[in-house]
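In the numbering used here, each residue carries its 1-based index in the sequence shown increased by 11.
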Amino acid sequence: MSRSAHPAGPRHADVLTEGHYSAPPADLNALDPKVWARTVSRDEDGVLTVGGRTVTGLAEEFGTPAYILDEADFRARARAWRTAFGTDADVFYAGKAFLSRAVVRWLDEEGLNLDVCSGGELATALSAGMDPARIAFHGNNKSVEEITRAVEAGVGRIVLDSFQEIARVAHIAQGLGKRQKAQIRITVGVEAHTHEFIATAHEDQKFGIPLAGGQAAEAVRRALTLDGLELIGIHSHIGSQIFDMSGFEVAAHRVVGLLKDIRDEHGVELPEIDLGGGLGIAYTSADDPREPHEIAKALTEIVTRECEAARLRVPRISVEPGRAIVGPTAFTLYEVGTVKPLESLRTYVSVDGGMSDNIRTALYDAEYSVALVSRTSDAEPMLTRVVGKHCESGDIVVKDAFLPADLAPGDLIAVPATGAYCRSMASNYNHVLRPPVVAVGDGEARVIVRRETEEDLLRLDVG
Ligand SMILES: *Cc1c(COP(=O)(O)O)cnc(C)c1O
Numbered sequence: 012m013s014r015s016a017h018p019a020g021p022r023h024a025d026v027l028t029e030g031h032y033s034a035p036p037a038d039l040n041a042l043d044p045k046v047w048a049r050t051v052s053r054d055e056d057g058v059l060t061v062g063g064r065t066v067t068g069l070a071e072e073f074g075t076p077a078y079i080l081d082e083a084d085f086r087a088r089a090r091a092w093r094t095a096f097g098t099d100a101d102v103f104y105a106g107k108a109f110l111s112r113a114v115v116r117w118l119d120e121e122g123l124n125l126d127v128c129s130g131g132e133l134a135t136a137l138s139a140g141m142d143p144a145r146i147a148f149h150g151n152n153k154s155v156e157e158i159t160r161a162v163e164a165g166v167g168r169i170v171l172d173s174f175q176e177i178a179r180v181a182h183i184a185q186g187l188g189k190r191q192k193a194q195i196r197i198t199v200g201v202e203a204h205t206h207e208f209i210a211t212a213h214e215d216q217k218f219g220i221p222l223a224g225g226q227a228a229e230a231v232r233r234a235l236t237l238d239g240l241e242l243i244g245i246h247s248h249i250g251s252q253i254f255d256m257s258g259f260e261v262a263a264h265r266v267v268g269l270l271k272d273i274r275d276e277h278g279v280e281l282p283e284i285d286l287g288g289g290l291g292i293a294y295t296s297a298d299d300p301r302e303p304h305e306i307a308k309a310l311t312e313i314v315t316r317e318c319e320a321a322r323l324r325v326p327r328i329s330v331e332p333g334r335a336i337v338g339p340t341a342f343t344l345y346e347v348g349t350v351k352p353l354e355s356l357r358t359y360v361s362v363d364g365g366m367s368d369n370i371r372t373a374l375y376d377a378e379y380s381v382a383l384v385s386r387t388s389d390a391e392p393m394l395t396r397v398v399g400k401h402c403e404s405g406d407i408v409v410k411d412a413f414l415p416a417d418l419a420p421g422d423l424i425a426v427p428a429t430g431a432y433c434r435s436m437a438s439n440y441n442h443v444l445r446p447p448v449v450a451v452g453d454g455e456a457r458v459i460v461r462r463e464t465e466e467d468l469l470r471l472d473v474g
């Protein structure tokens, strides 16, 4: 790095031991389209616009912090997944990434199905009018009440996660005079995260039934004998934020191996396999996600090849992207409150939200990028850490970020790619109120999840 590229203020070279931002980006005002929602750009005054609205206007109308969601981008990504997989496969949006009634309606209109993993998510989906037959119900500890509600509602499938649950769902369905369609979730010993996967991952985790030791085969044996269940397939989900398809290749090989064993033992060819979600998105410019059509092609080829080798009919494939659909479509808009330079370390930029609206940095050491969005600046880059307002030193939103050295209280900054696992994981820590989700498009903005109020907080506190 040349001398002139040194940021103003505190030196940054010795404090950065990891992360992508070991050097400031060439242009701090540039908005990398990889990490921003598709309709984002800057207007002639340098103000960021999305869906035809300026962030300054949005902040004025809806306050900060706020999640700003680009509806056209959400729909385009949902449609791209749907189109990529065609009519021979199903795309289930993983509702846990972010779910609201508006989202359910968009998914419905774009022809996607929906994964839920709790009674609350199921209630949201049903209240928005989603066809229950297009809902899959997940979870490692669904309650009797949740299972009963799902079976009664007529969900398209329940994904069975344990031996006890196989018996429980069968019993409940039989009691209701129903035969519930179900898949069995297995763990195939593959764990994938970002650019690596481990093919021999130990199965020491709470989800699924291990393929190892014949446990998955035993689960299938039991499910096939129960009148309350119609076993339609096998489910596998191998990780999150995955860029490398080779983990799916090993997983598909092992799932198809089980299908073959089932055919050999029971004379039954199960009609479906679900390969889960976990496809990665760009949080920073260093990430290079794949397009849905590439993923669809790769997965379809892998499954087809494995089935041909095993002389099996190719089952109907389903996938469950959550992050890859909603993640890139939203950013969190914050107002800068304090700017605190720490001599020879870095500058701490405090915003009006924090770990209560984005727990991912604290929880997973996640990396994000950030930009000044209420104006452009020609000031030198300064190394910052963007932190929240919570009473917790781990309350970090963006660990290492370069922002212009003239950053000041009242500026708006935005953290892109916060559509997934931010609002859905938001908390009330410190009794901070959860931000709204504002959907924008065609110059219009509308609140799809409103900001929490002190009244909301106090309503739960019954004294
Ligand atoms: C979390 C989860 C998903 C979605 O994962 P993303 O990383 O958001 O794509 C899909 N399927 C299952 C079973 C999950 O637990």
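Just so it is clear, CB atoms sit at the ideal spot from N, CA and C, and this is done for glycine as well. Computed from a prediction, not measured in an experiment: that's the story for all the values here.
With respect to the 8 Å criterion, L240 and R274 are not classified as neighbours on the basis of their beta carbons.
The alpha-carbon of A108 is positioned some 17 Å away from that of Y379. Counting the other CB atoms within 10 Å of its CB gives P300 a total of 16 or more, which places it among the buried residues. A residue is called buried when at least 16 other Cβ atoms come within 10 angstroms of its Cβ; Q175 does not meet this threshold and is exposed. Relative to L80, the option among A456, A437, Y375 whose CA is nearest is A456. Boundaries around Q252 are those of the beta strand (DSSP E), 250-253, since no alpha helix (DSSP H) includes it. H246 is bridged by DSSP to R196, D285.
For A147, the uninterrupted beta strand (DSSP E) run begins and ends at 146-148, by DSSP. Within the DSSP secondary-structure output, Q191 pairs in a beta bridge with L240. The beta carbon of R145 lies closer than 7 Å to those of N124, L125, G167 in the same chain, with the five residues before and after it left out. Rounded to the nearest whole angstrom, the C-alpha separation of G258 and I370 is 27 Å. Beta-bridge analysis with DSSP links T65 to T60.
With contacts defined by Cβ atoms closer than 8 Å, Q252 and T198 do not form a contacting pair. For the pair I183 and I158, the CB atoms are nearer than the 8 Å cut-off. In this structure L353 is exposed. Its beta-carbon is surrounded by fewer than 16 other beta-carbon atoms within 10 angstroms. Our two residues, G68 and I424, have alpha carbons roughly 14 Å apart in a direct line. In the displayed model, H213 falls within coil according to three-state DSSP, outside both helix and strand. For A223, same chain residues with a beta-carbon under 7 Å away, outside a window of 5 residues either side, are G200, E214 in chain order. Using a cutoff of 7 Å, the CB of D453 does not count as near ligand 1, since none of the ligand's heavy atoms is closer than that. A check of alpha carbon separations from D368 across P332, V398, V473 identifies V398 as the nearest. The straight-line gap separating the alpha-carbon atoms of V102 and A416 is approximately 45 Å.
Taking a contact to require three or more Cβ pairs closer than 8 Å, the stretch 382-395 and the stretch 32-43 qualify as touching. Given a length threshold of 3 residues, each whole run of the beta strand (DSSP E) inside the stretch 359-447 is given here in chain order: 392-398, 407-415, 423-427. Judged by DSSP secondary structure, K351 falls within the beta strand (DSSP E) whose first and last residues are 341-353. Counting along the chain, E455 sits inside the beta strand (DSSP E) bounded by residues 455-460.
A buried status is given to A100, since no fewer than 16 other beta-carbon atoms sit within 10 Å of its beta-carbon.
In the three-state DSSP reduction, P143 falls in the helix class (H, G or I). By the Cβ-count criterion, K217 is exposed, with fewer than 16 other Cβ atoms from all chains shown falling within 10 Å of its own Cβ. Considered as a whole, the stretch 38-126 harbours 66-73, 82-96, 112-121 as its complete alpha helix (DSSP H) runs of no fewer than 4 residues, in chain order. Y78 and V448 have their alpha carbons spaced roughly 5 Å apart.
Pairing V61 with A48 gives a Cβ-Cβ distance under 8 Å. Within the same chain, Cβ atoms closer than 6 Å to the Cβ of V46 are found at A293, S380, P427, A428, the five residues on either side in sequence being excluded. Comparing alpha-carbon positions, the option among A227, R396, F96, R386 lying closest to E55 turns out to be R386. Inclusion of A70 and L414 in the CB contact set at 8 Å is not warranted, their separation being larger than that value. Judged by beta-carbon spacing, I249 lies beyond the 8 Å limit of G225, meaning their Cβ atoms are not closer than that value. With at least 16 other beta carbons inside 10 angstroms of its own, L290 counts as buried.
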